Amino acid sequence: MNDVQFSPDELATLREHGVVLFADRVIFEAQPPMPAQRIAAIEALCAGPLPEALAALWRQTAGGRLDYDLSLPMGGNVESISWSELFWDGSDGYRDLQGWIEHERELAEEAAKEEGRAWSGKLTHLPFGGLEYCDRIYAVVEPGPEHGRIVAWKHGLPPAWTHALHEDSVSAIAPDLRGAFAALHLDEDPLAPTGDYFSGQDLLQYLDDRHQDHGLDLDLMDKLVAFYCRAVVDWRTPLADGTLRRLPAIAHAALHHAIGTDDAELVAELAAAGVSFDGPQQGSALATDVAIGQGAFAAAMALVRAGAPVARDALGNVDGQISPELTSALLANGAEPSVAAIVKCAACGAPASAHLIADACAEAGIDVPPAFVIERDATLAELEATLLEVREGTHGHYLGAEGLAERIEHLQAFRL
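Here it is in structure tokens:
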């Protein structure tokens, strides 16, 4: 698989099907090459020359789509960056390339006015990729030691989004575009996914459509998929040879797999290999938070047994039938009891855990019965309103109508 090579004829065929290879990564829905005069016009808007690699990319394709994983440290979190589009002129996205450039020029001019300085009219950071208004990728285009550096910007979300980034933040990806493409990876094998949603879905569907409707040769398609899958993070080899603990980014992918597959044995193996479970795993959420929120309760218990830190609000992440054994372990290792957690466990059909949390609340001096009634009634009202919207077809919900009705029934039947 590591030696996948394409002949000029194969590359030309892929180009006909909207696929371009650049810096060992796959671009699909690839646009025609950007005309030289358009590249020059964009460069004229910049404070310095276009980075060589960006110009080289545009000479191959004016834009397209990517389907990889990318995580960066931001604001103390580990943030997933959505770099799913290479902006192009005339796209039907939130903004096209020209739209993002104009947006950035407006922001730069406004910032100059607010700071009381004259604006040169030239961009220092050129937006060329990302996802709608949430995430953007920039090339540094001002002269100096940072020229050519690729950075990511992420939009902060409201405080109600637990464990999310709450302020706009910037993080460097790589010193140049080819390095940034190298940072794009696949946490999971898209041919053997661990969940319903995974990186690779869009590309595989695109290729299948090209095969079914436009005659893309099946052998060439399979060869391209094999090339694409070279980006899957190999954590098994360093785990086997004892070097994984020295490779935090790869260890992060291994733990991602352990949680995604609810694999307690793998968690124990990672712990024995010296992998650290400290620090955030997803956003600001610790590994135990992520496991609890995903219903990976076996992995969560293994993490607690291995000494992984437990957040004070860990029980607030419960979204399934958590066992009383895991609930007790979380409470014993730093999780704080709350009336909201009682209601969550009751609604999820985990009455034994709800009672354990209620006992812990009482020990902490909380007058549980009246507080529970208030929290329960508010939650029931919210669930019933959501169920009505789902049944009317005005909104969707990950639980569906049946799941929402089940939670209402559980909560109505629960008694302290």
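Basically my numbering = 1-based index in the sequence shown + 2.
Positions of the beta carbon are idealized from the N, C-alpha and C atoms, including for glycine.
Bear in mind the structure is a predicted one, so any value in this text is a computation, not a measurement.
- For Val153, the enclosing beta strand (DSSP E) begins and ends at 152-156.
- With fewer than 16 other Cβ atoms from the protein chains shown falling within 10 Å of its own Cβ, Thr396 counts as exposed.
- Closest in C-alpha terms to Ala308, from the list Glu271, Ala287, Ala343, comes Glu271.
- For the pair of segments examined, the region 163-181 was found to touch the region 282-290: the number of CB pairs separated by less than 8 Å reaches three.
- One Cα belongs to Ile83, the other to Pro326, and the distance between them is close to 36 Å.
- Beta-bridge pairing by DSSP links Met76 to Asn79.
- Secondary structure note for Tyr140: its beta strand (DSSP E) is the uninterrupted segment 137-142.
- Per DSSP, the unbroken beta strand (DSSP E) holding Phe130 starts and ends at 127-133.
- Residue pairing from DSSP leaves Phe416 without any beta-bridge partner.
- Leaving aside the five residues that flank Tyr135 on each side, the residues in its chain whose CB is nearer than 7 Å to its CB run, in chain order, Tyr96, His157.
- Leu268 counts as buried, since at least 16 other C-beta atoms from the protein chains shown sit within 10 angstroms of its C-beta.
- Taking 8 Å as the cut-off, the Cβ atoms of Cys363 and Gln323 do not count as close.
- Judged by DSSP secondary structure, Arg27 falls within the beta strand (DSSP E) whose first and last residues are 27-30.
- In this structure, DSSP gives Ser355 a helical state, which the three-state scheme calls helix.
- The residue from Glu111, Ala38, Leu68, Ala275 with its alpha-carbon nearest to that of Ala32 is Leu68.
- Here Ala110 has Trp121, Leu125, Thr126 as same chain residues with Cβ atoms under 8 Å from its own Cβ, once five neighbours each way along the sequence are excluded.
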